[in-house]
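Data block below; observations after.
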Amino acid sequence: MSRARALLAIPTSSSTWQRYAYLVIGAALVPPFGTLAGFVAPALEGGLGETAAWTLAITLCGIALPVATGMLPAVRELEIGAARRLLGVETGDPQALDATASWPTRWRSAAWFVAHLVVGGVIGTLTVVLPPAVVSACSVPFATGDVQLGQLDPTVPGGPGSAWIVPLALVSPLALVCLAAAAGGGLARLAPRLLGPTPAERLAALQRHAMRLAERNRLARELHDSVGHALSIVTVQAGAAGRVLDNDPAFARQALADIETSARNGLRDLDHVLGLLRDDAPSRAPVPTLADLPGLVDSTRSAGVDLSAELTGRIDEVPQAVSREAYRIVQESLTNAARHASHLPVSLSLEIGADHLELELSNPLDASPSHRQEGGGRGLNGIRERVASLRGQVSAGPEADRWRVAVRLPLHPTP
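Heads up, the sequence shown is in this note's numbering, so the first residue is 30 and it goes up one at a time.
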């Protein structure tokens, strides 16, 4: 009983008719190739003979041309979309495929397209032939002579003795629907292999995704370190100007001028980050390095931070990549100092050796609630990521009564 119910449930399932529609689409694609063969064969009969001409025409138009058509990237995209919608299969990420360059992918596409045509052609032919045959079969018991079943060649003798064919004919549409459902199910199981990405393509897609995530994280660090620093300095300077506006107008004017400079630098850095986001326009803003460190120290001091800086070694001997990342690390450290310890003395030490660059920033701890650190530590995470990218070492946290950030970077990182 359960098998009978399952069999009767097939015609009422929406997936059955969706798969049927997919096969009918395949059947509709067959006549153009057959029609073309019908034009090619007569043109070849004069030189090859009828048998050879039709053999060549069927080979070219019925095999070679469908294979070549299935290799087209546009056809593959259409087949993937139709298979997803009508067969209900997941063929994987389309971005994982490079159908214009991968010949194995093209051959798999061609195999799928040919299978779609063949299976769809069979189901489509039965769909056209079966209804007239069923109608003719129902008239067999009442006929006095032989009855041809629709367009089929075999005939059935008329009369009550052939009444057995009526129930068989009435069941045949259900059998056709079940056959279409089974054929569609077979294609659905085959689709991931022929339309989906290979393991190598999946790995390449994962690598591209990882590269995009790494680039997003890098841009987030750039935006946080550069624009975040400018906004922190502006906040400190605006607060200082507001406190002394009545008592020291000259200082307030200088603070406003420094705010203008910091905002301009922030806009420059923002333009740099936005330039990185544009594929068609390179960034025009220069990338800051340790050579720009004096300006960073001056802007921090102008914000009211009591900063003492000591530099040992030659900046021009630091490789560009290390110099760029070291500048961002110092910038983020000073941003945190301006945000959380602007009223405390801050010391910065940078020592450039033969093989390593060492920098240290520290300030006394302040446990007062008004200066307690807030936020999720994105700046420290950015510092750690930059140091890790250069195979360096970093430590950040309280030591005794001071907050200390210490970084050691190799001047020539090994891969």
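Where a beta carbon is used, it is the ideal one built from N, C-alpha and C, also for glycine.
Shortest Cα-Cα distance from ARG343 to any of PRO170, SER352, LEU223 and SER376 involves SER352. In the DSSP annotation of this structure, the continuous segment of the alpha helix (DSSP H) that includes THR80 starts and ends at 79-88. Per DSSP, the unbroken alpha helix (DSSP H) holding ILE54 starts and ends at 43-57. One alpha carbon belongs to LEU107, the other to LEU322, and they sit about 56 Å apart. Comparing alpha-carbon positions, the option among LEU379, PRO186 and ASP327 lying closest to ALA435 turns out to be LEU379. Within its own chain, no residue has a Cβ closer than 6 Å to the Cβ of ARG245 once the five positions on either side in sequence are excluded. Taking the CA atoms as reference points, LEU373 sits about 32 Å from ALA350. Checking the DSSP bridge columns, you'll see ASN276 has no partner listed. Distance between ASN294 and ALA429, taken at the CA atoms: about 36 Å. A straight-line Cα-Cα distance of about 52 Å links ARG431 and ALA229. For THR134, the enclosing alpha helix (DSSP H) covers residues 132-167. When DSSP states are grouped into helix, strand and coil, THR329 belongs to the helix group. Using a Cβ distance threshold of 8 Å, ALA86 and LEU73 count as a contacting pair. The residues GLY55, in chain order, have a CB closer than 6 Å to that of HIS145 in the same chain once the five nearest residues on each side in sequence are set aside. Per the DSSP secondary-structure output, PRO393 pairs in a beta bridge with ARG431. It is roughly 9 Å from the alpha-carbon of GLY174 to the alpha-carbon of VAL185. Within the same chain, THR329 come within 6 Å of LEU363 by CB-CB distance, once the 5 residues on both sides are set aside. With respect to LEU115, GLN47 sits close: the two C-beta atoms are nearer than 8 Å. Going by beta carbons, VAL104 and PHE142 fall inside the 8 Å limit. A buried status is given to SER331, since no fewer than 16 other beta-carbon atoms sit within 10 Å of its beta-carbon.
Assignment of GLU387 by DSSP, reduced to helix, strand and coil, places it in the strand class. Taking ALA320 as the centre and dropping the five residues before and after it, the same chain places the C-beta of ILE344, ASP345 and SER352 closer than 8 Å to its C-beta, in chain order. Each residue's CA atom was taken as its position, placing LEU377 and ASP327 some 13 Å apart. Taking C-alpha positions only, ARG237 is separated from ARG113 by approximately 24 Å. Between LEU178 and ALA166, the C-beta spacing is below 8 Å. If you draw a straight line from the Cα of LEU409 to the Cα of LEU285, it comes to about 29 Å. Comparing alpha-carbon positions, the option among GLY271, PRO95, SER391 and ASP384 lying closest to HIS441 turns out to be ASP384. DSSP, read as helix, strand or coil, puts ALA370 in coil. For ILE194, the enclosing alpha helix (DSSP H) has its first and last residue at 194-224.
Residue environment for ASN392: buried (at least 16 other C-beta atoms within 10 angstroms of its C-beta). For TYR49, same chain residues with a beta-carbon under 8 Å away, outside a window of 5 residues either side, are ILE152, VAL206, ALA209, ALA210 and GLY213 in chain order. Secondary structure of THR318 (DSSP, three-state): coil.
Boundaries for ALA172: no alpha helix (DSSP H) harbours it, and the DSSP string shows neither H nor E there. Closest by C-alpha distance to PRO348, out of GLY382, GLU361 and PRO133, is GLY382. Distance from the CA of ILE288 to the CA of PHE280, rounded to the nearest whole angstrom, comes to 12 Å. For PRO186, the uninterrupted beta strand (DSSP E) run begins and ends at 184-186, by DSSP.
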